[in-house]
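All remarks here apply to the structure that follows.
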Amino acid sequence: MNELYQVPAMAGFIRMCDDGWQQGWHERNGGNLTYRMTEEDVAACRPYFDAQPRPWVKMGVQAKNLAGEYFITTGSGKYFRNVILDPAANIGIVEINDEGDSWRIVWGLENGAKPTSEFPSHFMNHSVRKEATNGANRVIYHCHATNVIALTYVLPLNDRDFTRPLWQSATECPVVFPEGVGVCPWMVPGGAAIAMATSEKMKTYQAAVWAQHGLFVSGPDYDTAFGLAHTIEKSAEIYVKVLSTGRPILQTITDDALRAIAHDFGVQLNEAFLD
Ligand code: 2HA
Ligand code: ZN
């Protein structure tokens with residue numbers, strides 16, 4: 044089993060869970076992570092799969108472009124804090140059926156554990172991001188990023204009004220998420236409705252904010268996805284600190300400065316979000 048944990052896809056998954064825990068974004072069982080495996084990842088992990096896969100379970104959502112894929116996923120009710128101590132009990136590998144509407148566990152999630160309660164959201168977002176990135180996207184990550192959540196109480200819950208202060212609060216931001224962030228209103232977690240609302244946003248954005256709940260990000264690999272969440276949360280933290288001083292904002296990054304960053308770094312900023 045130790046060798047399974049050294050397969051890069053597994054090692055990176057376990058490390059990212061621990062990174063998120065250490066950031067303070069995963070109180071109790073908060074947050075979830077899924078990774079769409081490559082054929083090489085599956086081949087490297089297959090020797091460790093259970094002799095008998097567990098039964099198929101319908102998801103309530105369907106994506107034809109994910110038929111036959113394998114995902115590493117955190118477990119429902121499991122704590123990110125514990126993943127590094129006992130991966131097999133807290134995460135697992137699931138296979139998707141030919142219809143793209145059911146999963147079955149092929150490794151891990153021991154003692155009757157199930158994939159994350161947000162698996163339908165992750166699944167729909169994998170489908171949308173796979174399509175939007177010509178197959179490059181592999182990671183979907185949901186965390187309870189403290190300062191992003193705090194801002195959902197004081198900023199208008201629309202994409203433009205949420206993106207602008209984030210772009211203005213850290214100079215890297217327009218380079219890291221030039222299309223901006225999508226914002227979903229408060230919704231009941233775990234169901235098909237939040238899955239559909241989020242995947243609608245993820246057609247345009249790499250990241251979506253869930254009001255009074257957290258952050259949902261995507262990326263081609265663990266570093267990029269975690270880095271995106273980290274960048275958005277850092278910027279939110281700065282803005283929260285600025286607001287917390289209670290002093291008027293005397294200067295910020297101007298729209299022309301944002302355009303200049305985009306020009307020099309060769310990214311296309313979402314012009315609809317600029318004045
Ligand atoms: O896994 O964060 O959104 C617990 C959650 C649900
Ligand atoms: Zn959550």
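The sequence shown begins at 44 in this note's numbering and counts up one residue at a time.
C-beta atoms are modelled at their ideal positions from N, C-alpha and C, and glycine is treated no differently.
Being a predicted model, the structure only gives us computed values, none of them experimental.
Name, in chain order, the residues that DSSP records as bridge partners for Val226. Val252
Quick one: measure Cβ to Cβ for Thr247 and Gly225, integer angstroms, because I've assumed they're closer than 8 Å. 7 Å
Expressed to the nearest angstrom, what Euclidean distance is found between the alpha-carbon atoms of Gly223 and Ala305? 13 Å
Whole-angstrom distance between Trp146 and Gly135, CA atom to CA atom: 12 Å
Verify the contact flag: Gly257, CB atom, against every heavy atom of ligand 2, threshold strictly below 6 Å. yes
Under DSSP, the beta strand (DSSP E) around Asn75 begins and ends at which residues? 75 to 79
Keeping to the same chain, check which residues put their C-beta closer than 6 Å to that of Phe56; ignore five residues upstream and five downstream. Tyr78, Ile115
Residues near Asn180 by beta carbon distance below 8 Å, same chain, minus five either side: Arg79, His169, Arg172, Lys173, Ser261, Gly262, Pro263
Using the three-state DSSP reduction, which class does Arg58 fall into: helix, strand or coil? helix
Beta-carbon separation of Trp68 and Ala188 under 7 Å? yes
Taking the CB atoms as reference points, tell me whether Gly155 and Ala131 lie closer together than 7 Å. no
Return the bridge partner residues of Cys88 from the DSSP annotation. Bridge partners of Cys88: none, in fact.
So Cys60 packs on Val126, CB below 8 Å; how close in whole Å? 4 Å
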